[in-house]
Every structure is written in C-alpha cells, then in structure tokens.
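Numbering of the first sequence is given in full-length UniProt numbering, commencing with residue 1 and proceeding in unit increments.
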Amino acid sequence: MQNLSRRFSTVPIHKLLPQQLHQHQPQPTRFFIPFSEFQQKRKLLEHKLISDLDGCANLSQVKEVHAHLLRHGLSQCCYVLTKLVRMLTKLGVPLDAYQRLVFLQVKYPNPFLWTAMIRGYTVQGPISEALNFYTCMRSAGTGPVSFTFSALFKACGDVLDVNLGRQIHAQTILVGGFAADLYVGNTMIDMYVKCGFLDCGRKVFDEMPDRDVVSWTELIVAYTKIGDMGSARELFEGLPVKDMVAWTAMVTGYAQNARPRDALDCFERMQGAGVGTDEITLVGLISACAQLGASKYANWVRDIAEKSGFGPTENVLVGSALIDMYSKCGSLDEAYKVFQGMKERNVFSYSSMILGFAMHGRANAAIELFHEMLTTEIRPNRVTFIGVLTACSHAGMVDQGRQLFATMEKYYNVVPSADHYTCMVDLLGRAGRLEEALDLVETMPIAAHGGVWGALLGACRIHGNPDIAQIAANHLFELEPDSIGNYVMLSNIYASAERWADVSRVRKMMKEKGLKKNPAYSWVETKKGVIHEFCAGETNHPEYAEIKKALDDLLNRLQAHGYQPNLNSAAYDLGIEDRKRILMSHSEKLALAYALLSTDAGSTIKIMKNIRICEDCHVFMCGASQVAGREIVVRDNMRFHHFSNGKCSCGNFW
DNA sequence: GTAGGGTTAG
C-alpha cells in the first residue's frame, strides 16, 4: 500500500501540471570542489539569498534576487524558492504573474514549496486553485505539512465554506497524524466557529491531545460572540495560564454583551494577576466605561490609558474609543479635545466625532467636520454616512440629507444599506413627510429591517399619525414579534389620538404575548461620583420626602412660568388628576429633583435614562433649566438633550 | 502559520 504521508515526490512535476512553461535542468555539480565545501558554500549562499529576500519591498527587487539565484544554479532550490513565493504573497504580487512561473520550473517541489503556493492562493484566491494545488501535491505523492492544513482551514474560514472545511478535516485524519497537530487543531477550531459551527469547534477542542492558550481563547471568543458569557467564563476559569489576549477576550466579551460592570471587575482581576495592558485591552475597557456613562469611570479609564503608555494623543485606536466614550458620557467638549489633540486620525476618529456631534444635536458641527475630513485623504465609510445623515435628520435638514444620500454611492462607493435607509426614513419622517417616508420604505431596493419601520413608527408618534403607524407596526410585529417597544409606541400613538378601543386592542396583544413593559429608570451621578438610580413611581428612596418637596417646589415655579402638564404623555384611560400624578412620578423628574438637592449650584446636571424621554419631561426639563438656572444634560436610550435657558439642543426633534 | 480590537441608525 502506498504510504500516504510520504513527504517527497517521486513523480516529476511536469507530468502533473501540463501547463508547464519552461523546464530548467538543474545545473551540473562542479566536481572539482570537495563536496562538503560545496555544500557549505551553497548553504551560505542560500542564507544570503533569504536575507536579501527579506529586505525586498517590491517585485523588481525580488526579481533581482531571483536572477541572482538562477545565475548560481539554484533554480531547483526549494528552500530559497519557498521564501521567494512567501515574500511575493506578502507583497501582494498576483501568483499567476510570477510565482506560478517560478514554481513550474521546479522539477521536484518539496512540501514547503507546494504549501507556499497553496497559501498564496488561499490569501489571494481563488480558493479552488489552492485546492487544485493540494490535489496535485497529493497526486505527486508529496505529503502535506501542518502548515498546509492551517492555510486551507484559514481560507475556508474566510469564505465561510464549512463543507470544504469538513472535507479538509477528513483529509487531516486520512493523511495521518495531522488531526492531532496543535496548529492544525487551532485553525480548525477557528474555521468551524467562523462558519458558525461552534459545537464542531468545541468537539475538535475536546478531542485535541495538546491545547494551548490559543485554542482556549478561540473558543472563549466564540462563546462571547454568541452572547454565552456563562460558557465563556467557565472555559476561561479552567484555562491554566491566562495571557493578556485571553484576559482581553473576557473584558471585551463583557463589554460587547452589555455587562460593563463585569468588564471592569474582570479588568481589575487581570491587573491583580499582574498581566499587562495594551491598546486592545483598553478599547474593550473604554467601551465598557462608555456604557456606564459616568464621568468617574471616564476619567479613571483615561488615566489608565495614559499610564499604560497608550494615550489618545499617540494612539489612534485609544483616541477614537475615548472620543466615543466621552460623547456617550455627555462630555462632548472633552471628546472634541481628544480629537483635536490626536497626532494621527483615521476614519474611525472622524466618524466617532461626527457621531458624537450628531448625538448631541450639533448638526452643523457634524457636517462641517465631515467636509473637513473630505479635504484629507481619509474617505468616508458607511458609518461616517450614518453620522452625517443622523445629524441632518435631527436638525431637520432634509435637502442636505438627501443630497448626501445621493452622493454616497456615486462619489464614495458606499452602497446605501438598510441602516442608511433608516436614517432617510427618519429624516423625512421627523420633518413630517410621512407619506414620502412610507413611499421610500416601500420602494427601497433592499429589504427593510426593523430599524426602517421603527423609524417610520417613531415619526408617526411625533406627528400623530395612527394610520401609517399601524402599517409600520404590522411589519414590526412580523419582524420583531417580541420587541415590547413597538407595542408600547403604537399604543401611545392611539392614546394620543384618544382611540381607546385601539389602545386596548394593542394592550391585549401584548398580554397575549406575555410581554411586559420595561420599567423606566434614570440615574444621576452626585459630586462624589456615587450613582443614584430612580425607578418611575418609586417612593422608597431614603430621601424621598425631600425629593418630593423639591419636585413640588419646582413644579410650582414652572407653573408660574406657564408650564402645563402634557397629558398625552400619560397614555392611560384615567382621570386628569391621576394622569398628572403619573407624570410627576417619571424617573427623570425624580432624578432631576435629587440632583438639584445634591449637586453644586452652577454645575451641569447629567441624567441618564434607559428609555426615551417623554414629551412632558422634555418640556419640564426645558423650563427647569431656566427657572433653576442650570445646564441639564439628559441621555436617553437614543441621544443627548442639552437643556439650557429654557431650550433644548435637539430643537424639539427627537 | 493559529487567539483579543474602535465608530452603526428606530
């Protein structure tokens, strides 16, 4: 029986690859030099050629080395040629242009040279050609090396072809020994999890005779990506030696799964374990702090970044993450300072800053920055456009938004996605052009997702259009049957129109589905950095009596300035007094009253909310900023409102 | 040759 794992070919290559172009004979050996001396000289030459190749920066330099190699009769030297092929792959030289010709001149390629070609095609494509080379190599009787399989698995992972991956998996078993190889196993795990077959990856992991921290980390990350932090944690705790990458995977995993406190705890454990911190760890950590939204954590994490030597001035990754964090913490000025201080900026820095401006209602600043970016060589991407379109929509700049939307594909090669259509529907809808918005959704060239219909539903709330709202809601109930917000929104729209029968119909649907409203929460940070949480209707705060009194005082002063409760915001079929009482128990009003009691006069009050601010609270905050003479910043689940002197930065568009 | 990474709209 043929030995399948035999490493070297016995069949000349020209019999296998018929498209062979040249055939160079090996140079005759110069017999007058003693063999050992000849070998030594040749070794030195090979080393020299390899180091020359290492220093090459383009194809013509490689060609020079190649000519040098041919002059010395090394056209058959697989060792140097392998390096040459790898170098050209690294430089991005198309395989068919040069490497293939070099390869075809070699009569008996060794497994490494074959593999370099296979890897070349896995990087540049087509993957079918990589497989073709693999098949030829096997037919030549040449056994693969572990790197052959890792290259192939990587390619399958990149093109998400699990069926091909499985075939190669079978080969690793058939050829013998390779399924047990550490690197092969690791790339196999990676391939399965990338293709979405986590269980298969786990099986490979469980059956591996040797594992290293890479194998563990791959799986941990896979669990964090599907949101299974329990399994990720379990694996992580079992990992004998945790390195920086593994710790970072956990910190980032928590951050990405909306568990910022756990991310911070994990980071503290990491520091306790004496593991270092790099820019990637910081990015995860900064994202966790952004979610907490408190200046205390923002300052803390910035300090860590500076002390670890990854300050925002020097490091574009950390800088961009900090811009986003400060924007989300309500400190737009601080975000802009970071942006201005950065030595290097990229599309992430610009997009984050543009989104920051948009989030805070500074539409003109966002658009100006966009134009500033266009004067650099940085090109906008899909997220940049989300930023400018959002800015336009929040400022009611319909024509400008339309114009930008029209240019994105034409000039910047960014194909509008459903997310961009969401912005456009939002833009038209907020401006009151509900029919146009509906028309856009119905005629858009790609499928509308929940976001698009949600934008339309939101616009119907602002402009009180229950009929279009019902159309949008019907689509949303199909697309997101369990999303409570859509039912609440539709019900409120009907309530505002006093269509109580429709209200109870929607309520009934919610009840049948077993859906419950999310409780509304607000947070304020006191001057000591302590965060207080308020739930709507809650009366058990230790200082409730003072809070209630402060709120009543404020209400009286506001009423003297003409404030009238907006009863539509309490969408219940109840009496007027009950509805007024409900309005006064909204969590952001409690938080505001507490902030007035517990923060310094003259300081900005920052309130965070888990759901959208209601119209009554919005009017209330406007008035409060005036009568109390305070700046108030409210972050709801969508964006920021800056209240100052009786006005809000959102211009009542939200 | 294998593992961790930033901005996303209702």
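The C-beta atom is built at its ideal place from N, Cα and C for all residues, glycine as well.
Three-state secondary structure assigned by DSSP to residue i
{"i": "Ser483", "result": "coil"}
{"i": "Lys647", "result": "strand"}
{"i": "Lys609", "result": "strand"}
{"i": "Phe534", "result": "strand"}
{"i": "Phe640", "result": "strand"}
{"i": "Val633", "result": "strand"}
{"i": "Tyr594", "result": "helix"}
{"i": "Ser417", "result": "coil"}
{"i": "Ser522", "result": "strand"}
{"i": "Pro28", "result": "Any reading at Pro28 must be qualified, since the residue scores a pLDDT of 43, below 50, and its modelled position is unreliable; the value itself is stated next. Pro28: coil per DSSP, three-state reduction."}
{"i": "Leu239", "result": "coil"}
{"i": "Asn652", "result": "coil"}
{"i": "Asn346", "result": "coil"}
{"i": "Leu574", "result": "coil"}
{"i": "Ser308", "result": "coil"}
{"i": "Asn315", "result": "coil"}
{"i": "Phe197", "result": "coil"}
{"i": "residue 665", "result": "The first residue shown for the chain is 1 and the last is 654, placing residue 665 beyond what the model contains."}
{"i": "Met208", "result": "coil"}
{"i": "Thr539", "result": "coil"}
{"i": "Val213", "result": "helix"}
Nearest-angstrom beta carbon gap, residue j and residue i [assumed within contact, 8 Å]
{"i": "Ser146", "j": "Val106", "result": "Not really, about 22 Å apart at Cβ, beyond 8 Å."}
{"i": "Cys460", "j": "Leu434", "result": "7 Å"}
{"i": "Val425", "j": "Leu456", "result": "5 Å"}
{"i": "Leu490", "j": "Ala469", "result": "6 Å"}
{"i": "Ala570", "j": "Arg557", "result": "Incorrect: roughly 21 Å between the Cβ atoms, too far for contact."}
{"i": "Leu292", "j": "Pro260", "result": "5 Å"}
{"i": "Met117", "j": "Gly157", "result": "At roughly 20 Å, the Cβ-Cβ gap does not stay under 8 Å, so Met117 and Gly157 are not in contact."}
{"i": "Phe236", "j": "Ile226", "result": "With a Cβ gap of about 15 Å, Phe236 and Ile226 do not count as contacting."}
{"i": "Val62", "j": "Leu53", "result": "7 Å"}
Straight-line gap, residue i to residue j (C-alpha atoms, nearest Å)
{"i": "Phe267", "j": "Gly450", "result": "35 Å"}
{"i": "Ile607", "j": "Ala358", "result": "19 Å"}
{"i": "Val162", "j": "Arg302", "result": "42 Å"}
{"i": "Val102", "j": "Trp216", "result": "40 Å"}
{"i": "Ile547", "j": "Ile605", "result": "15 Å"}
{"i": "Leu45", "j": "Gln39", "result": "10 Å"}
{"i": "Ala591", "j": "Leu440", "result": "40 Å"}
{"i": "residue 657", "j": "Phe640", "result": "Coverage of the chain is limited to positions 1 through 654, which leaves residue 657 absent and any answer about it impossible."}
{"i": "Cys535", "j": "Ser585", "result": "9 Å"}
{"i": "Pro466", "j": "Arg635", "result": "27 Å"}
{"i": "Leu81", "j": "Ser139", "result": "21 Å"}
{"i": "Cys195", "j": "Ser352", "result": "30 Å"}
{"i": "Ala624", "j": "Ile323", "result": "29 Å"}
{"i": "Arg7", "j": "Lys48", "result": "Note on Arg7: pLDDT 45, under 50, position unreliable in the model; no value is reported."}
{"i": "Ile168", "j": "Val213", "result": "24 Å"}
{"i": "Glu533", "j": "Ser522", "result": "6 Å"}
{"i": "Arg505", "j": "Leu583", "result": "24 Å"}
Exposure of residue i, with buried meaning 16 or more beta-carbon neighbours within 10 Å
{"i": "Tyr134", "result": "buried"}
{"i": "Ala472", "result": "buried"}
{"i": "Tyr297", "result": "buried"}
{"i": "Asn58", "result": "exposed"}
{"i": "Thr375", "result": "exposed"}
{"i": "Trp500", "result": "exposed"}
{"i": "Pro144", "result": "buried"}
{"i": "Thr115", "result": "buried"}
{"i": "residue 666", "result": "Outside the displayed span of the chain (1 to 654) sits residue 666, for which this structure offers no information."}
{"i": "Val530", "result": "exposed"}
{"i": "Lys83", "result": "buried"}
{"i": "His24", "result": "Residue placement at His24 is flagged as unreliable, the pLDDT there being 36, under the threshold of 50; a coordinate-derived value is accordingly withheld."}
{"i": "Asp399", "result": "exposed"}
{"i": "Ala406", "result": "exposed"}
{"i": "Val241", "result": "exposed"}
{"i": "Lys328", "result": "buried"}
{"i": "Arg630", "result": "buried"}
{"i": "Glu588", "result": "buried"}
Own chain partners of residue i with C-beta closer than 7 Å, once the 5 adjacent residues on each side are dropped
{"i": "Ser231", "result": "Tyr223"}
{"i": "Gly120", "result": "Val85, Thr89, Leu95, Gln99"}
{"i": "Glu314", "result": "Lys343"}
{"i": "Val452", "result": "Ala418, Tyr421, Thr422, Val425, Val441"}
{"i": "residue 689", "result": "Residue 689 is absent from the structure shown; the chain starts at 1 and stops at 654."}
{"i": "Glu409", "result": "Val415, Pro416"}
8 Å CB neighbourhood of residue i in its chain, flanking five on each side removed
{"i": "Ala180", "result": "Met208, Pro209, Asp210"}
Contacts around residue i, its chain only, beta-carbon distance under 6 Å, and the 5 residues preceding and following it disregarded
{"i": "Asp502", "result": "Tyr494"}
{"i": "Ile280", "result": "Thr248"}
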